[in-house]
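S.K.: I am attaching a structure below and will ask some questions about it afterwards.
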Amino acid sequence: MAPNIAQLAKAYGVATRFYGEVHPSEGNYVALLGGDTFGIHDDDAVYCKAGSVDKTCPGAGQAGYPDHTVTEPHLGDQLAAAGMTWKGYYEDLPAPGSMAYVFDPHAYVSDSHPENAAHPLAYYAQKHSGFLAFASTQNDPDRAKHIVGFDQLDADLVADALPSFALVVPNQCNEMHGLHGPGTPADCDILQTGPLIKRGDAEIIQLVDRLQATAAWKSKDNMAIVITFDEGSPGSRLGCCAVTPDAPSNFGGGHIPTLVITNHGPRGVADATPYNHYSLLRTFEDAFGITTHLRHAGDAALGVKAMTLLFKAPRP
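Heads up: the sequence shown begins at 4 in my numbering, then just goes up one per residue.
Here it is, written out as structure tokens:
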């Protein structure tokens with residue numbers, strides 16, 4: 004159903020046993036960047052805490068509800084400390100640095116669909132931002148330079164000005180999440196799996212093609228494109244690697260596809276080693292020469308391994 008993804012997996016590399024940490028989405032993005040879910044096992048807003056009454060914090064009355072603003076460091080902090088750069092690129096982000104919970108760019112622009120104003124669709128969703136969950140990002144005076152939209156991605160690609168690390172997240176129609184409600188495009192409806200996957204597959208190959216057209220990709224330097232997801236099937240608790248089976252926020256988020264595309268690395272590799280987002284974070288840290296691993300990314304004794312086989316460039 005996703006021929007472009009299948010072809011990329013065959014041509015480059017695929018981790019055949021890669022797992023999320025938790026359901027639903029938000030905690031997996033936090034895990035990828037911070038090495039832990041920090042107790043987050045919902046999609047509530049990043050400013051939520053125990054006792055919050057905002058409608059974006061529906062679980063705030065539950066016992067053990069965590070502060071959704073994480074005060075620990077994230078990968079971007081590590082990169083900045085090492086003199087490198089990072090950005091999160093989010094399609095349909097309403098403005099650079101925005102703390103919006105959701106945003107529908109079409110809700111108020113079409114007279115032919117006035118119902119959209121009453122039922123906005125969450126094309127952009129904060130739960131998929133990752134970086135915004137961290138206090139260091141929320142309080143960063145340069146937040147608007149780090150948290151940007153696809154217009155900035157377009158500009159950076161043209162200028163060959165990509166950062167050292169980029170987290171690129173399409174909107175919920177283009178990343179295969181899907182939406183449902185008045186005004187939902189036919190190929191975005193979460194109930195129409197085939198068209199939704201086809202749309203996401205087309206988006207992925209378009210992004211990969213644009214990245215591979217950059218001077219950075221064609222240079223002698225090493226560049227990698229990782230295609231991964233946040234969670235697997237909602238009913239699956241499959242997981243691995245420093246995931247605690249009896250912890251509500253670390254059950255295991257199910258099996259997810261993960262591809263690694265490199266400009267100078269391996270070709271045609273299928274790696275059956277168990278990995279998860281902690282493994283991917285550890286791999287990023289190693290690749291950038293960062294020797295201190297964040298939280299579970301350092302849990303080698305619990306099976307968290309760097310994904311070396313899929314990334315390592317051959318010796319000259």
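For each residue, glycine too, the CB sits at the ideal point set by N, CA and C.
Taking the CB atoms as reference points, tell me whether L262 and I230 lie closer together than 8 angstroms.
M.R.: As a position in the sequence shown, residue 262 is number 259, starting the count at 1. As a position in the sequence shown, residue 230 is number 227, starting the count at 1. Result yes, Cβ atoms of L262 and I230 sit closer than 8 angstroms.
S.K.: Cα-Cα, which of C244, L313, Y281 and P123 is closest to G306?
M.R.: Reading the sequence shown from its first residue, position 303 is the one you call residue 306. The residue with the shortest Cα to Cα distance from G306 is C244.
S.K.: Assuming contact is defined by CB atoms lying nearer than 8 angstroms, are V73 and Q129 in contact in what I supplied?
M.R.: Within the sequence shown, numbered from 1, the residue matching residue 73 stands at position 70. Within the sequence shown, numbered from 1, the residue matching residue 129 stands at position 126. Against a cut-off of 8 angstroms, the Cβ pair of Q129 and V73 comes out as no contact.
S.K.: For L322, collect the residues of the same chain with a Cβ closer than 7 angstroms to its Cβ; drop the 5 residues on either side in sequence, then sort them by chain order.
M.R.: The requested residue 322 does not occur in the structure, where the chain is confined to residues 4 to 319.
S.K.: Going by the DSSP bridge assignment, what does Y127 pair with across the sheet?
M.R.: As a first step, residue 127 is located in the sequence shown; it is residue number 124 there, counting from the start. Y127 pairs with F106.
S.K.: Any idea which residues DSSP pairs T261 with across the strands?
M.R.: The residue you call residue 261 lines up with position 258 of the sequence shown. Looking at the DSSP assignment, T261 forms a beta bridge with A18.
S.K.: Could you give the first and the last residue of the continuous alpha helix (DSSP H) run that contains F153?
M.R.: As a first step, residue 153 must be located in the sequence shown, where it is residue number 150. Looking at the DSSP string, the run of the alpha helix (DSSP H) that includes F153 is F153 to V161.
S.K.: Taking only runs of the alpha helix (DSSP H) that begin and end inside the segment 157-205, which ones reach a length of at least 4 residues, in chain order?
M.R.: none
S.K.: Does the separation of the CB atoms of A110 and P97 fall below 8 angstroms?
M.R.: The residue given as residue 110 occupies position 107 in the sequence shown. The residue given as residue 97 occupies position 94 in the sequence shown. In this structure, P97 does not lie closer than 8 angstroms to A110 by Cβ.
S.K.: What does the alpha-carbon distance come out to for the pair S167 and S55?
M.R.: On the sequence shown, residue 167 is found 164 positions in, with the first residue counted as 1. On the sequence shown, residue 55 is found 52 positions in, with the first residue counted as 1. Looking at the two C-alpha atoms, the distance is approximately 36 angstroms.
S.K.: Note down the Cα distance separating A216 from N266, rounded to an integer number of angstroms.
M.R.: Taking the first residue of the sequence shown as 1, we reach residue 216 at position 213. Taking the first residue of the sequence shown as 1, we reach residue 266 at position 263. A216 and N266 have their C-alpha atoms spaced approximately 11 angstroms apart.
S.K.: If distances are taken between C-alpha atoms only, which option among V33, G37 and A290 comes closest to D46?
M.R.: In the sequence shown, the residue the question calls residue 46 occupies position 43. For D46, the nearest C-alpha among the options comes from V33.
S.K.: Excluding the five sequence neighbours on either side, which residues of its own chain have a C-beta within less than 8 angstroms of the C-beta of G235, listed in chain order?
M.R.: Taking the first residue of the sequence shown as 1, we reach residue 235 at position 232. Once the five neighbours on either side are set aside, the close Cβ partners of G235 are Y22, G23, L241, G256, G257, H258 and I259.
S.K.: Can you say whether R270 is buried or exposed, counting buried as having 16 or more other CB atoms within 10 angstroms of its CB?
M.R.: Taking the sequence shown and counting its residues from 1, one reaches residue 270 at position 267. R270 comes out exposed.
S.K.: Please list the segments of the beta strand (DSSP E) lying wholly inside the segment 221-296, counting only runs of 3 or more residues, in order along the chain.
M.R.: Within the segment 221-296, the complete beta strand (DSSP E) segments of 3 residues or longer fall at 227-230, 261-265 and 272-274, listed in chain order.
S.K.: According to DSSP, is V33 part of a helix, a strand, or is it coil?
M.R.: For the purposes of this step, residue 33 is taken as the residue at position 30 of the sequence shown. Three-state result, V33: helix.
S.K.: Quick one: what's got a C-beta closer than 6 angstroms to P99's C-beta in the same chain, skipping five residues either side?
M.R.: Position 96 of the sequence shown, counted from the start, is the residue given in the question as residue 99. Excluding positions up to five away in sequence, the list reads A147 and V151.
S.K.: State the CB to CB distance for the pair Y127 and E94, rounded to an integer number of angstroms; the pair is presumed to be in contact (CB under 8 angstroms).
M.R.: In the sequence shown, the residue the question calls residue 127 occupies position 124. In the sequence shown, the residue the question calls residue 94 occupies position 91. Between E94 and Y127 the Cβ distance is about 7 angstroms, and since that is below 8 angstroms, they are a contact.
S.K.: Who are the near neighbours of T286 in its chain, counting only those whose CB is closer than 7 angstroms to its CB and skipping five residues on each side?
M.R.: As a first step, residue 286 is located in the sequence shown; it is residue number 283 there, counting from the start. So the list reads A309, M310 and F314, once near-sequence residues are dropped.
S.K.: Could you name the residues of the same chain whose beta carbon sits closer than 6 angstroms to that of H77, not counting the 5 residues immediately before and after it, in chain order?
M.R.: Residue mapping note: residue 77 aligns to position 74 of the sequence shown, counting from 1. In the same chain as H77, and ignoring 5 residues on each side of it, the C-beta atoms closer than 6 angstroms to its own belong to L36, G37 and F137, in chain order.
S.K.: Pull up the DSSP beta-bridge partners for G91, would you.
M.R.: Sequence index remark: in the sequence shown, residue 91 carries index 88 (1-based). I150 and L170.
S.K.: Strictly by DSSP, which residues pair up with F137?
M.R.: Against the sequence shown, residue 137 aligns to sequence position 134. Answer is V73.
S.K.: Would a C-beta distance cut-off of 8 angstroms place D163 and A205 closer than the cut-off?
M.R.: Mapped onto the sequence shown, residue 163 falls at position 160. Mapped onto the sequence shown, residue 205 falls at position 202. No, the Cβ-Cβ distance between D163 and A205 is not below 8 angstroms.
S.K.: What is the residue span of the alpha helix (DSSP H) that G79 lies within?
M.R.: Here residue 79 corresponds to residue number 76 of the sequence shown, with the count starting at 1. For G79, the enclosing alpha helix (DSSP H) has its first and last residue at L78 to A84.
S.K.: By alpha-carbon positions, which one of H131, D157, Q175 and Q141 ends up nearest to P108?
M.R.: Position 105 of the sequence shown, counting from 1, holds the residue named residue 108. Comparing Cα positions, the closest option is Q175.
S.K.: Helix, strand or coil: which one does DSSP assign to A216?
M.R.: On the sequence shown, residue 216 is found 213 positions in, with the first residue counted as 1. A216 falls in the coil class under three-state DSSP.
S.K.: With respect to 7 angstroms, is the separation between the Cβ of P188 and the closest non-hydrogen atom of the ligand PLP below this value?
M.R.: Ligands are entirely absent from the displayed structure, and the ligand PLP is therefore not among its contents.
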